[in-house]
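Novice: One structure, as structure tokens, below. Some questions next.
Number of protein chains: 2
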Amino acid sequence: MRSRHRVPTLVDVAKDAGISPATVSRSLNNPDIVSKETLERVQTAVNRLGYTPHFGARYMAAKRSWTIGAIIPTMENAIFAKGIQAFQEQLHEHGYTLLVSSSSYDPEIEAEQVRALISRGADGILLIGYWRDEAVYDFLRRRNVPFLLAWAFTAGNALPAIGFDNRASMYQLCDQVLALGHRKFAVISGKVDGNDRAANRLKGITDRLKDAGIDPKTVPIIETAYDIDNGANAFEELMQAEDRPTVVMCGNDVLAVGAISRAQEMGLDVPRDVSITGFDGIELARIVTPKLATVRVPHAEMGRRAADELVRMVESGEAGQSQELRIEVSMDLSIGSVSTT
Amino acid sequence: MRSRHRVPTLVDVAKDAGISPATVSRSLNNPDIVSKETLERVQTAVNRLGYTPHFGARYMAAKRSWTIGAIIPTMENAIFAKGIQAFQEQLHEHGYTLLVSSSSYDPEIEAEQVRALISRGADGILLIGYWRDEAVYDFLRRRNVPFLLAWAFTAGNALPAIGFDNRASMYQLCDQVLALGHRKFAVISGKVDGNDRAANRLKGITDRLKDAGIDPKTVPIIETAYDIDNGANAFEELMQAEDRPTVVMCGNDVLAVGAISRAQEMGLDVPRDVSITGFDGIELARIVTPKLATVRVPHAEMGRRAADELVRMVESGEAGQSQELRIEVSMDLSIGSVSTT
DNA sequence: CGACTCACTGAAAGCGCTTTCATGCACGTG
DNA sequence: CACGTGCATGAAAGCGCTTTCAGTGAGTCG
Numbered sequence: 015m016r017s018r019h020r021v022p023t024l025v026d027v028a029k030d031a032g033i034s035p036a037t038v039s040r041s042l043n044n045p046d047i048v049s050k051e052t053l054e055r056v057q058t059a060v061n062r063l064g065y066t067p068h069f070g071a072r073y074m075a076a077k078r079s080w081t082i083g084a085i086i087p088t089m090e091n092a093i094f095a096k097g098i099q100a101f102q103e104q105l106h107e108h109g110y111t112l113l114v115s116s117s118s119y120d121p122e123i124e125a126e127q128v129r130a131l132i133s134r135g136a137d138g139i140l141l142i143g144y145w146r147d148e149a150v151y152d153f154l155r156r157r158n159v160p161f162l163l164a165w166a167f168t169a170g171n172a173l174p175a176i177g178f179d180n181r182a183s184m185y186q187l188c189d190q191v192l193a194l195g196h197r198k199f200a201v202i203s204g205k206v207d208g209n210d211r212a213a214n215r216l217k218g219i220t221d222r223l224k225d226a227g228i229d230p231k232t233v234p235i236i237e238t239a240y241d242i243d244n245g246a247n248a249f250e251e252l253m254q255a256e257d258r259p260t261v262v263m264c265g266n267d268v269l270a271v272g273a274i275s276r277a278q279e280m281g282l283d284v285p286r287d288v289s290i291t292g293f294d295g296i297e298l299a300r301i302v303t304p305k306l307a308t309v310r311v312p313h314a315e316m317g318r319r320a321a322d323e324l325v326r327m328v329e330s331g332e333a334g335q336s337q338e339l340r341i342e343v344s345m346d347l348s349i350g351s352v353s354t355t
Numbered sequence: 015m016r017s018r019h020r021v022p023t024l025v026d027v028a029k030d031a032g033i034s035p036a037t038v039s040r041s042l043n044n045p046d047i048v049s050k051e052t053l054e055r056v057q058t059a060v061n062r063l064g065y066t067p068h069f070g071a072r073y074m075a076a077k078r079s080w081t082i083g084a085i086i087p088t089m090e091n092a093i094f095a096k097g098i099q100a101f102q103e104q105l106h107e108h109g110y111t112l113l114v115s116s117s118s119y120d121p122e123i124e125a126e127q128v129r130a131l132i133s134r135g136a137d138g139i140l141l142i143g144y145w146r147d148e149a150v151y152d153f154l155r156r157r158n159v160p161f162l163l164a165w166a167f168t169a170g171n172a173l174p175a176i177g178f179d180n181r182a183s184m185y186q187l188c189d190q191v192l193a194l195g196h197r198k199f200a201v202i203s204g205k206v207d208g209n210d211r212a213a214n215r216l217k218g219i220t221d222r223l224k225d226a227g228i229d230p231k232t233v234p235i236i237e238t239a240y241d242i243d244n245g246a247n248a249f250e251e252l253m254q255a256e257d258r259p260t261v262v263m264c265g266n267d268v269l270a271v272g273a274i275s276r277a278q279e280m281g282l283d284v285p286r287d288v289s290i291t292g293f294d295g296i297e298l299a300r301i302v303t304p305k306l307a308t309v310r311v312p313h314a315e316m317g318r319r320a321a322d323e324l325v326r327m328v329e330s331g332e333a334g335q336s337q338e339l340r341i342e343v344s345m346d347l348s349i350g351s352v353s354t355t
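For the protein sequence lines, the chains are A and B, in the order given.
If you count by the numbering used here, then the first sequence holds residues 15 to 355, one letter each, in order.
If you count by the numbering used here, then the second sequence holds residues 15 to 355, one letter each, in order.
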């Protein structure tokens with residue numbers, strides 16, 4: 015029952031078209047070197063039989079899978095959605111298929127996924143951020159599988175990355191917040207452990223505060239996983255302090271949106287009673303009320319460029335070239351000024 | 015340069031362990047039938063060499079890929095994210111890997127993706143909704159690849175599906191809207207063409223209105239792609255009418271959120287000036303102000319159940335069993351009552 | 001007009017694994 | 001002691017494709 019119809023193979027096509035399997039293979043992969051007439055007969059046979067090449071066999075014989083793997087920390091929220099979508103589309107343009115898996119921000123799972131992707135023959139791999147066990151990098155290098163990092167960029171780091179400088183970006187945002195007169199800060203950061211993006215964003219804030227003569231140790235900082243509810247709870251906790259902050263800077267938009275929504279539930283007006291900032295510039299930030307002040311990351315462009323670069327690496331065998339992308343600080347309605355009287 | 019290190023194969027492991035390749039294969043796939051001592055030697059050799067099985071070869075020899083494919087209409091917004099995430103996790107439990115691709119709501123692309131997934135040896139395939147070219151179903155059946163539909167359920171339809179009744183759910187929501195006294199409706203629907211979910215949601219509204227003695231032809235309906243901005247624009251257009259609706263029902267949360275945000279920009283109070291409803295119950299609906307009245311779909315459960323069922327189909331070779339999931343209508347703050355004086 | 005080139009095609013090896021079949025060996029049994 | 005039994009292993013075929021190597025015939029050139 016399960017195999018009533020035999021699945022047609024390349025040999026079946028060859029027989030049907032009255033030519034050799036070799037020529038059928040060429041017709042499919044390298045049509046230029048086959049005569050027009052033969053090409054047509056192959057085409058006809060393929061259609062008649064409903065032939066689809068067997069990926070495993072093809073991959074085994076050609077040692078090319080036309081597959082690119084990507085491991086992102088999460089699919090649950092939209093942080094990576096836009097970028098990965100663009101990455102996928104651009105890969106498709108190059109004739110590659112994308113395999114995505116998510117690690118739930120767990121380094122062990124990530125390492126396992128890397129092995130899984132390689133075992134499935136990924137010709138190249140996209141990873142998020144820099145920080146991971148050196149063993150993972152070793153494994154990739156030993157296998158000679160090109161890899162590229164995204165969503166982060168640190169000048170001087172030798173690993174090929176396409177992204178933006180998380181520290182500098184947050185530094186810049188913090189700059190603007192200071193310019194509005196804020197001096198009483200609080201921070202809701204993502205989990206810093208093993209996450210260079212989160213760590214650098216936090217560092218961007220503390221660095222800027224130091225430069226402004228504010229001791230970061232005096233700033234209340236809550237570290238929590240990226241999740242709307244966590245953002246909300248952290249916000250509430252921060253506002254319990256007797257000396258309330260005038261601004262709460264969040265490690266990403268998801269946390270910030272949680273903060274905004276809890277603020278409303280608490281009857282606080284944003285930004286009159288308290289200002290809130292985010293990071294990422296996902297759609298959420300745009301539609302929340304008030305519109306979120308945030309750092310806009312060019313997700314789609316990052317995805318496209320990463321695809322182009324990774325394909326280039328795979329096909330040329332050359333080392334990857336890093337690219338830094340420009341972010342844009344957008345001071346939207348969720349932040350107000352503070353009189354510095 | 016690209017191949018300085020030769021990738022270790024099963025034969026290398028066999029040599030290193032001093033046993034035959036056959037036994038190594040057995041140790042890896044069927045440890046029960048191998049002696050404990052041999053197992054250990056294999057384990058040691060695998061670790062020493064850093065061996066990872068070659069997926070293509072394995073798939074070719076065993077004719078099982080341990081891969082499940084899923085084709086969703088879009089990754090851009092969160093409609094499918096939660097469900098697919100759960101689907102993936104549950105598949106992982108069963109030892110399967112998920113391959114996701116998106117069709118951008120284009121039936122041609124979807125058909126192409128089906129072929130691509132099959133060619134990659136997907137042992138089973140998850141598709142969204144019922145409507146697609148019969149040729150796609152034929153192809154799947156001819157190939158004997160089990161498939162399952164999700165995000166929809168129509169009683170009596172023979173195709174195996176795990177989801178909810180889009181028409182009935184929207185009918186139910188509309189019911190509640192009527193109960194609040196609304197009589198002047200407007201609708202922002204998703205593109206109905208080729209999309210049974212969108213079509214049935216719309217039908218749920220018109221059916222209910224008919225039953226209430228309201229001629230659906232008198233109700234302004236705008237059909238547009240699921241996108242926040244489209245929702246916003248459609249809303250504005252609908253509110254331009256001289257006889258404004260008291261409620262705008264939207265085909266999904268994304269459209270509804272767009273509508274809410276435009277309402278605010280237009281200086282309209284939701285729900286005092288106009289009520290707005292959505293569909294899906296994604297996170298967005300919860301955090302928008304005012305909280306969106308919508309139909310909550312149990313995405314995670316749908317994903318998990320779909321995974322269990324599809325794996326069962328693949329492993330048993332039996333036909334798929336449909337399951338209908340319960341939705342929940344939540345009348346949140348974006349809807350108010352209308353005095354029926 | 002013989003030697004070459006060129007465009008096209010075929011034969012066959014081999015990619016890394018699983019699985020069938022055969023074999024060896026240590027038992028327990030009549 | 002001859003035999004069947006069951007466990008653990010090995011040998012070898014073969015999965016469906018690509019690619020190298022070797023033609024073949026037609027056209028071109030000195």
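Glycine included, C-beta positions come from ideal geometry on N, C-alpha and C.
Compare the Cα-Cα distances from arginine 326 of chain B to each of B/Asp210, B/Met89, B/Gly138 and report the closest residue.
Specialist: Of B/Asp210, B/Met89, B/Gly138, the residue nearest in Cα terms is B/Gly138.
Novice: Using a Cβ-Cβ cutoff of 7 Å, what residues of the segment 131-147 of chain A are near chain B? List them in chain order.
Specialist: The residues in question are Ile132, Ser133, Arg134, Gly135.
Novice: With distances taken between CB atoms, is the gap from phenylalanine 101 of chain A to glutamate 338 of chain A smaller than 8 Å?
Specialist: Not in contact: phenylalanine 101 of chain A and glutamate 338 of chain A (Cβ atoms no closer than 8 Å).
Novice: Using a beta-carbon distance below 8 Å, is proline 129 of chain A in contact with chain B?
Specialist: The sequence shown places arginine at residue 129 of chain A, not proline. Judged by the 8 Å Cβ criterion, arginine 129 of chain A is in contact with chain B.
Novice: Going along the chain, which residues of the segment 250-280 of chain A sit with their C-beta nearer than 7 Å to a C-beta in chain B?
Specialist: Cβ contacts with chain B: Val271, Ser275, Gln278.
Novice: Is there at least one Cβ from chain B nearer than 8 Å to leucine 324 of chain A's Cβ?
Specialist: Leucine 324 of chain A does not count as touching chain B.
Novice: Step through the CB atoms of chain B and report whether any lies within less than 8 Å of the CB of arginine 16 of chain A.
Specialist: With a pLDDT of only 38 at arginine 16 of chain A, under the threshold of 50, the placement of this residue in the model should not be trusted, and no figure is reported.
Novice: With three or more C-beta pairs closer than 8 Å as the rule, is the segment 77-93 of chain A touching the segment 226-235 of chain A?
Specialist: Contact fails: fewer than three Cβ-Cβ distances are below 8 Å.
Novice: With a cut-off of 8 Å, does the C-beta of glutamine 99 of chain B fall near any C-beta of chain A?
Specialist: With 8 Å as the cut-off, glutamine 99 of chain B counts as an interface residue toward chain A.
Novice: If you measure beta-carbon to beta-carbon, which residues of the segment 286-313 of chain A are closer than 8 Å to chain B?
Specialist: Listed by position, the residues of the segment 286-313 of chain A near chain B (Cβ gap below 8 Å) are Glu297, Leu298, Arg300, Ile301, Val302, Thr303.
Novice: Which residues in chain A sit within 7 Å of threonine 66 of chain B, going by Cβ to Cβ distance?
Specialist: Here the neighbours are Arg129, Ile132, Ser133.
Novice: To the nearest angstrom, how far is the alpha carbon of valine 352 of chain A from that of cysteine 264 of chain A?
Specialist: Straight-line Cα distance between these residues: approximately 19 Å.
Novice: Name, in chain order, the residues that DSSP records as bridge partners for phenylalanine 199 of chain A.
Specialist: Note: phenylalanine 199 of chain A sits in a beta bridge opposite A/Val261.
Novice: Closer than 9 Å by beta-carbon distance: list the chain A residues that pair up with phenylalanine 199 of chain B, in chain order.
Specialist: Chain A residues near phenylalanine 199 of chain B: none, gap ~24 Å exceeds 9 Å.
Novice: Locate the beta strand (DSSP E) running through threonine 381 of chain B, then write down its first and last residues.
Specialist: Chain B is shown only over 15 to 355; residue 381 of chain B falls outside these bounds and no answer can be derived.
Novice: How far does the alpha helix (DSSP H) with glutamate 211 of chain B in it reach, from first residue to last?
Specialist: As written in the sequence, residue 211 of chain B is arginine, which differs from the glutamate given in the question. Run containing arginine 211 of chain B: 210-225, per the alpha helix (DSSP H) assignment.
Novice: Just by C-beta distance, which residues in the segment 149-172 of chain B are closer than 8 Å to chain A?
Specialist: The residues in question are Phe153, Arg156, Arg157, Asn158.
Novice: For a contact meaning CB atoms closer than 8 Å, what does methionine 89 of chain B contact in chain A?
Specialist: Here the neighbours are Ala95, Ile98, Gln99, Gln102.
Novice: Between which residues of its own chain and alanine 299 of chain A is the CB-CB distance below 6 Å, once the five residues before and five after are set aside?
Specialist: Cβ within range, chain order: Asp267, Gly292, Leu306, Thr308.
Novice: Closer than 7 Å by C-beta to serine 117 of chain B: which residues in its own chain qualify, once you throw out the five before and the five after it? Chain order, please.
Specialist: Excluding sequence neighbours, serine 117 of chain B sits near Ile85, Pro87, Ile123, Glu124, Gln127.
Novice: Closer than 9 Å, Cβ to any Cβ of chain B: which residues of the segment 32-44 of chain A, in chain order?
Specialist: Result list empty, no residue passes.
Novice: Is it the case that the Cβ atoms of valine 27 of chain A and leucine 63 of chain A are separated by a distance below 8 Å?
Specialist: Yes, these two residues count as a Cβ contact at 8 Å.
Novice: Under the rule that 16 or more other beta-carbon atoms within 10 Å means buried, what is aspartate 283 of chain A, buried or exposed?
Specialist: Aspartate 283 of chain A is exposed by the Cβ-count criterion.
Novice: How is isoleucine 274 of chain B classed by DSSP in three states: helix, strand or coil?
Specialist: Helix, per DSSP.
Novice: Name, please, each residue of chain A whose Cβ falls closer than 8 Å to the Cβ of isoleucine 349 of chain B.
Specialist: Going along chain A, no residue has its Cβ under 8 Å from isoleucine 349 of chain B, so there is no contact; the nearest lies around 17 Å.
Novice: Name the one or two DSSP bridge partners that valine 309 of chain A has.
Specialist: DSSP lists A/Val343 as partners of valine 309 of chain A.
Novice: Distance, Cα to Cα, glutamine 57 of chain B vs valine 21 of chain B?
Specialist: Going from the Cα of glutamine 57 of chain B to the Cα of valine 21 of chain B covers about 17 Å.
Novice: In angstroms with no decimal places, state the Cα-to-Cα distance between alanine 59 of chain A and tyrosine 240 of chain B.
Specialist: Straight-line Cα distance between these residues: approximately 41 Å.
Novice: Can you tell me which of the three DSSP states glutamate 250 of chain B falls into?
Specialist: Note: glutamate 250 of chain B maps to helix in three-state DSSP.
Novice: So which residues of chain B does leucine 113 of chain A contact, with C-beta pairs closer than 7 Å?
Specialist: Leu113, listed in chain order.
Novice: For methionine 74 of chain A, would you say it is in contact with chain B, using Cβ-to-Cβ distances shorter than 8 Å as the test?
Specialist: Judged by the 8 Å Cβ criterion, methionine 74 of chain A is in contact with chain B.
Novice: I'd like the span of the beta strand (DSSP E) that includes glutamate 161 of chain A, first residue to last.
Specialist: With the sequence shown as reference, residue 161 of chain A is identified as phenylalanine, and glutamate is not the correct amino acid for it. 161-164 is the extent of the beta strand (DSSP E) around phenylalanine 161 of chain A.
Novice: What residues from the segment 317-347 of chain A come within 8 Å of chain B, judged by C-beta to C-beta, listed N to C?
Specialist: Within the segment 317-347 of chain A, the qualifying residues are Gly331.
Novice: Is the beta carbon of isoleucine 290 of chain A sitting closer than 8 Å to the one on leucine 194 of chain A?
Specialist: Against a cut-off of 8 Å, the Cβ pair of leucine 194 of chain A and isoleucine 290 of chain A comes out as no contact.
Novice: Pop quiz: isoleucine 202 of chain B and methionine 316 of chain B are said to be a contact at Cβ under 8 Å. What is the actual Cβ separation, rounded to whole angstroms?
Specialist: Their Cβ separation, rounded to whole angstroms, is 24 Å, which puts isoleucine 202 of chain B and methionine 316 of chain B out of contact at 8 Å.
Novice: Mind listing the chain A neighbours of phenylalanine 178 of chain B? Cutoff is C-beta to C-beta under 9 Å, in chain order.
Specialist: Chain A residues near phenylalanine 178 of chain B: none, gap ~21 Å exceeds 9 Å.
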